[in-house]
Amino acid sequence: MTTNVLEVKSLKTYFNKNKKTIRAVDGVDFAIGKGETVALVGESGCGKSMTSLSIMGLVPAPAGKIVDGEILLDGMDLVGLPEKQMYGVRGKDIAMIFQEPMTSLNPVLTIGDQLSGVIMHHLKVNKKEAMKRAADMLDIVGFADPKKTLKDYPHRLSGGMRQRVMIAMAMSCNPKLLIADEPTTALDVTIQAQVLELMKDLSRKFSTSILLITHDLGVVSELAERVIVMYAGQIVEVSDNSRLFNEPLHPYTEGLIGSVPTIDGEIRRLESIPGNVPAPGTELPGCRFAPRCRRAFGRCTQEVPEMRTFEDGRSVRCFLYDEGVEQ
Numbered sequence: 023m024t025t026n027v028l029e030v031k032s033l034k035t036y037f038n039k040n041k042k043t044i045r046a047v048d049g050v051d052f053a054i055g056k057g058e059t060v061a062l063v064g065e066s067g068c069g070k071s072m073t074s075l076s077i078m079g080l081v082p083a084p085a086g087k088i089v090d091g092e093i094l095l096d097g098m099d100l101v102g103l104p105e106k107q108m109y110g111v112r113g114k115d116i117a118m119i120f121q122e123p124m125t126s127l128n129p130v131l132t133i134g135d136q137l138s139g140v141i142m143h144h145l146k147v148n149k150k151e152a153m154k155r156a157a158d159m160l161d162i163v164g165f166a167d168p169k170k171t172l173k174d175y176p177h178r179l180s181g182g183m184r185q186r187v188m189i190a191m192a193m194s195c196n197p198k199l200l201i202a203d204e205p206t207t208a209l210d211v212t213i214q215a216q217v218l219e220l221m222k223d224l225s226r227k228f229s230t231s232i233l234l235i236t237h238d239l240g241v242v243s244e245l246a247e248r249v250i251v252m253y254a255g256q257i258v259e260v261s262d263n264s265r266l267f268n269e270p271l272h273p274y275t276e277g278l279i280g281s282v283p284t285i286d287g288e289i290r291r292l293e294s295i296p297g298n299v300p301a302p303g304t305e306l307p308g309c310r311f312a313p314r315c316r317r318a319f320g321r322c323t324q325e326v327p328e329m330r331t332f333e334d335g336r337s338v339r340c341f342l343y344d345e346g347v348e349q
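Below you can see the structure in the form of structure tokens.
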């Protein structure tokens, strides 16, 4: 039986702005097993990144706040954990890679100083041991001359190299969970493939679980085992990778997949999802996707659908799967 490294239960992260409540994350539930790679997908503004920031304890305060729910890391609830304790968890037990490595690295410190600083803080070793560990990690992520790279500054490295440094930093303390927020967006296609392959190798080598935050379904198909689809702060579908692409359940998932070009099969016109994600703070009485859904009917605009789980383990938030509804 798979042991869950992370369990997110009924998570609600709200923002108060101009006397309006913005439900950025609104009742999210999911779990990630040990060594499992799970993708969280959806359009910009659907709540993906805010979910990851909630897990990391980095919700922008005072406007933003986790108002309800649990975030369990190996059974320890991170919600409400004092910042001093969270500081010890962040970087050691949970690490994060951001989409633009140049802004994540300090431009006035060498790569060695930045890597060794993280290692010394979390592993409680001296500078010499930390630099050796840093060189070993750079070697693992594919640098030909790790000792030379330790002396370099970030501006001397390419985008792909800087992302490899960020991966080395994230993995240097053997985290239980790695959160990768759009890790390949700023990279060209060839480097994207190399970084994805590197992340797969490291996940196997260290048995690290990965939460991949992305809107790129090509990246999802390459790396993830399970996929969670988010829309307007809620999860609308959970499925294993292959069935999500071959048999999507939710109309929103169908729209996302239909809008991706393919290089095999017959030539077809790309689909698009009409309309836009609801503006932050918009309150809709029924299904949040109903205004954009081609298959919506009366009930969709009046009632909020609950998540429905099937025997094969997949889940969907949609009235189309209720008994007696014609699909």
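Residue numbers (my numbering): 23 to 349. Using N, Cα and C, we set each Cβ at its ideal position, and we do this for glycine too. All of these numbers come straight from a predicted model, not from anything done at the bench.
Go ahead and pull the three-state DSSP assignment for residue i.
i	result
Val30	strand
Phe120	coil
Gln216	helix
Met23	Confidence in Met23 is poor, its pLDDT being 43 and thus under 50, which makes the residue's placement unreliable; the coordinate value appears in the next sentence. Coil at Met23, not helix or strand.
Thr125	helix
Leu209	coil
Ile279	helix
Thr73	helix
Arg45	strand
Tyr175	coil
Ser81	Looking at the sequence shown, residue 81 is not Ser but Val. It is coil, neither helix nor strand.
Val299	coil
Ser337	strand
Val404	Because the chain in this structure spans residues 23 to 349, residue 404 falls outside the shown range and cannot be described.
Arg330	strand
With DSSP as the reference, please indicate the residues paired to residue i in a beta bridge.
i	result
Phe52	Val30
Val101	DSSP lists no partner for Val101.
Leu94	Glu29 and Asp99
Ala312	In DSSP, Ala312 forms no bridge with anything.
Asn38	Thr43
Ile88	Thr35
Glu259	Val251 and Val338
Given a threshold of 16 other Cβ atoms within 10 Å of its Cβ, counted over all protein chains shown, does residue i qualify as buried or as exposed?
i	result
Lys198	buried
Leu239	buried
Gly320	exposed
Met23	For Met23, the predicted model reports a pLDDT of 43, less than 50, meaning its position is unreliable and no value from the coordinates is stated.
Phe332	exposed
Asp203	buried
Thr304	exposed
Arg291	exposed
His177	exposed
Val282	exposed
Gly335	exposed
Pro123	buried
Can you name the start and end residues of the alpha helix (DSSP H) that residue i belongs to?
i	result
Leu160	Lys149 to Ile162
Gln185	Gly181 to Met193
Arg265	Asn263 to Asn268
Val326	No alpha helix (DSSP H) contains Val326, which DSSP labels as neither H nor E.
Taking only beta-carbon atoms, is residue i less than 7 Å away from chain D?
i	result
Asp167	Checking the listed chains, one finds no chain D in this structure; it contains a single protein chain.
Terminal residues of the continuous beta strand (DSSP E) containing residue i?
i	result
Met235	The residue you asked about is not Met; residue 235 is Ile in the sequence shown. Element bounds for Ile235: Ser231 to Thr236.
Asp203	Leu199 to Asp203
Leu292	Looking at the DSSP string, Leu292 is not in any beta strand (DSSP E), and its letter there is neither H nor E.
Leu342	Careful: Leu342 lies outside any beta strand (DSSP E) and carries neither H nor E.
Val241	First-last for Val241: Leu239 to Leu245, but that is the alpha helix (DSSP H), not the beta strand (DSSP E).
Thr59	Thr59 to Val63
Arg317	No beta strand (DSSP E) holds Arg317; DSSP gives it neither H nor E.
Arg248	Arg248 to Tyr253
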